[in-house]
Amino acid sequence: MYAETDLLAEPAGCATTDRELLERSRARDEAAFRALVERHQDLVVNYTARMLGCRSRAEDVAQETFVRFYRHLDRYHEQGNLRAYLLRIATNLVRSRERHRRRWRLLLPTVIDDAARRFEPSPQTQMLAAEAHRQLLDAIRRLDLRYRAPLVMREIEGLAYREIGLALGVSEGTVKSRLHRARALIKRALTPYLGGNPT
Amino acid sequence: MSHHHDTDRQLDDLLRSLPRIAAPPGFAARASRSIRTAARPRIRLWLPVATAAAAIIAAILASPVLRDPPPRRDIAALDEEYRRLAAELEALETLRASARPVVYLGSGAQTDFVLDLDRLARRRPARAPRQSPMQAGRALPVRFEKGDQP
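In order, the protein sequence lines correspond to chains A and B.
Its first residue numbered 1, the first sequence is counted upward by one per residue in this note's numbering.
Its first residue numbered 1001, the second sequence is counted upward by one per residue in this note's numbering.
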């Protein structure tokens, strides 16, 4: 999103770059950090919402993502990878949340709200857009995290393979492999809606 | 192959058509607030801990264990109890001194048999007899009715 030239000083009146906002944020400029949050909040909220399948939890995780980012501002060196860095933090938080929920689910299986169980598959019904989206989101949410993350980053957020690799700490080859697997699993889950035999 | 291509395309269309979820209004402001709150715990954290510690110390100091010496009426009550116990002890000592030395031998239906050692000692001759005391008839049982004091 930000090319290398964007990182140079801009004339007055032009949008502030991420690097400038980061520098000012490190100097405890609250307004600068808020501007940084506003610039990337939709990305993080949408990503966590698709990963968790629950909007309220997604907003909590997104908030926590930015809080953690702020706490460790000195660790990040701006090289045009801020999106990947933010999504990395968000992915780690999602992972922690899911581990926590799995533990509670073992203890209280009837109490934990599982959004997936709200929607019953209905192959007989016509495939309306809303129903299709629900089934797709359900299928995405059921994926293992290592497949879900690259799928959401690539197919929904549009990140490049390189960025996804940085976010997940894996090679581009691994990203492509996991992405291929994720798509195969999603297609299998949506077979009745994709009109045919499972791949 | 064509079928796979079709399903891939359908999946792509489906994924791209997902509505984007935007951050709610005030999200950035809340994040800033969270950061400010998160920056404070190092200062605030000690406050409730110190408060709790102070409350515990105050409770210990206020407890009876560390209270001032008991009021005078408690001391008077203690004195009274001491005198009563001392009197009871003295009575027991007198009783012990005055009690006749007896050995309990057994009891019948309505009678307890005891051996009065005191009487036995008074009636015993200076020289030891050749016969046993029982044979000489000197061990005289003292009859008591049930309930009598020795």
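A virtual CB, placed ideally from N, CA and C, is assigned to each residue, including glycine.
Compute the distance between the beta-carbons of A/Thr216 and A/Ala35, then report whether it is under 8 Å. Chain A is shown only over 1 to 199; residue 216 of chain A falls outside these bounds and no answer can be derived.
Between the C-alpha atoms of A/Ser171 and A/Arg162, what's the straight-line distance to the nearest angstrom? Computed Cα separation, rounded: 8 Å.
Alpha helix (DSSP H) containing A/Leu179: first to last residue? Residues Glu172 to Ala189.
Buried or exposed: where does B/Val1103 fall if 16 or more other Cβ atoms within 10 Å of its Cβ makes it buried? When all chains shown are included, B/Val1103 counts as exposed.
For a minimum of 3 consecutive residues, which ranges assigned as the beta strand (DSSP E) are wholly contained in the region 1067-1118 of chain B? At a cut-off of 3 residues, the continuous stretches assigned as beta strand (DSSP E) that sit fully inside the region 1067-1118 of chain B are 1102-1107 and 1111-1116.
Against chain A, which members of the region 1016-1031 of chain B pass a CB distance test of less than 9 Å? The region 1016-1031 of chain B vs chain A, Cβ under 9 Å: Arg1016, Ser1017, Leu1018, Pro1019, Arg1020, Ile1021, Ala1022, Ala1023, Pro1024, Phe1027, Ala1028, Ala1029, Arg1030 and Ala1031.
Would you say the beta carbon of A/Leu93 is closer than 7 Å to some non-hydrogen atom of the ligand GTP? Because no ligand of any kind appears in the structure shown, any question about the ligand GTP cannot be addressed here.
Along chain B, which residues have their Cβ under 7 Å away from the Cβ of A/Tyr85? None at all; the shortest Cβ gap to chain B is about 16 Å.
Taking its Cβ as the centre, do 16 or more other Cβ atoms sit within 10 Å of A/Pro150, making it buried, or is it exposed? With a 10 Å radius around the Cβ and a threshold of 16 neighbouring Cβ atoms, A/Pro150 comes out buried.
Cβ-based neighbour list, A/Ala49, same chain, cut-off 6 Å, excluding 5 preceding and 5 following: So the list reads Arg55 and Ala58, once near-sequence residues are dropped.
Output yes if chain B places a C-beta closer than 8 Å to the C-beta of A/Glu23; else output no. With 8 Å as the cut-off, A/Glu23 does not count as an interface residue toward chain B.
CB-CB under 7 Å to A/Tyr147, same chain, minus the five flanking residues each way: which ones, in chain order? Here the set comprises Arg178, Arg181, Ala182 and Leu185.
Under 8 Å by Cβ, that's how I've got A/Val45 and B/Ala1050 pegged, so tell me the actual separation to the nearest angstrom. Rounded, the Cβ-Cβ distance is 39 Å, inconsistent with contact.
Inspect the beta-carbon positions of A/Leu93 and A/His40 and report whether they are closer than 8 Å. In this structure, A/His40 does not lie closer than 8 Å to A/Leu93 by Cβ.
Rounded separation between B/Ser1034 and A/Ser25 - CA only: Inter-residue distance for B/Ser1034 and A/Ser25 is about 15 Å (C-alpha atoms, whole angstroms).
With a threshold of 8 Å between beta-carbons, can B/Ile1035 be considered close to chain A, or not? Yes, B/Ile1035 counts as interfacial toward chain A.
Spatial neighbours of A/Leu21 within its chain, please: CB distance less than 6 Å, with the 5 preceding and 5 following residues excluded, ordered by chain position. These residues qualify, in order along the chain: Ala32, Ala35 and Leu36.
Any C-beta of chain B within less than 8 Å: which residues of the region 129-140 of chain A qualify? So the list reads Ala129, Ala132, His133, Leu136 and Leu137, given in the order they occur along the chain.
Following the continuous alpha helix (DSSP H) through A/Gly80, name the residue where it begins and the one where it ends. If you look at A/Gly80, you'll find it isn't in any alpha helix (DSSP H); DSSP assigns it neither H nor E.
If you count every other CB in all the chains shown that lies within 10 Å of the CB of A/Tyr193, and 16 or more means buried, which is it? Its Cβ being crowded by 16 or more others within 10 Å, A/Tyr193 is buried.
Just checking: is the beta-carbon of A/Ala182 within a distance shorter than 8 Å of some beta-carbon in chain B? Chain B contact via Cβ: absent.
Using a C-beta to C-beta distance shorter than 9 Å, which residues of chain B count as neighbours of A/Glu38? Within chain B, the residues placing a beta-carbon under 9 Å from that of A/Glu38 are Ala1023, Phe1027 and Ala1028, ordered along the chain.
Using only CA atoms, which one of B/Phe1027, B/Pro1024, B/Ala1054 and B/Arg1036 lies nearest to A/Asp29? That would be B/Arg1036, whose Cα lies nearest to the Cα of A/Asp29.
Is the separation between the beta-carbon of A/Leu43 and that of A/Glu157 shorter than 8 Å? For the 8 Å CB-CB criterion, A/Leu43 and A/Glu157 form a contact.
Does the separation of the CB atoms of A/Ala129 and B/Ser1032 fall below 8 Å? Note that the C-beta distance between A/Ala129 and B/Ser1032 is not below 8 Å.
Of all Cβ atoms in chain B, is any one closer than 8 Å to the Cβ of A/Ala62? True, the Cβ-Cβ gap to chain B drops below 8 Å.
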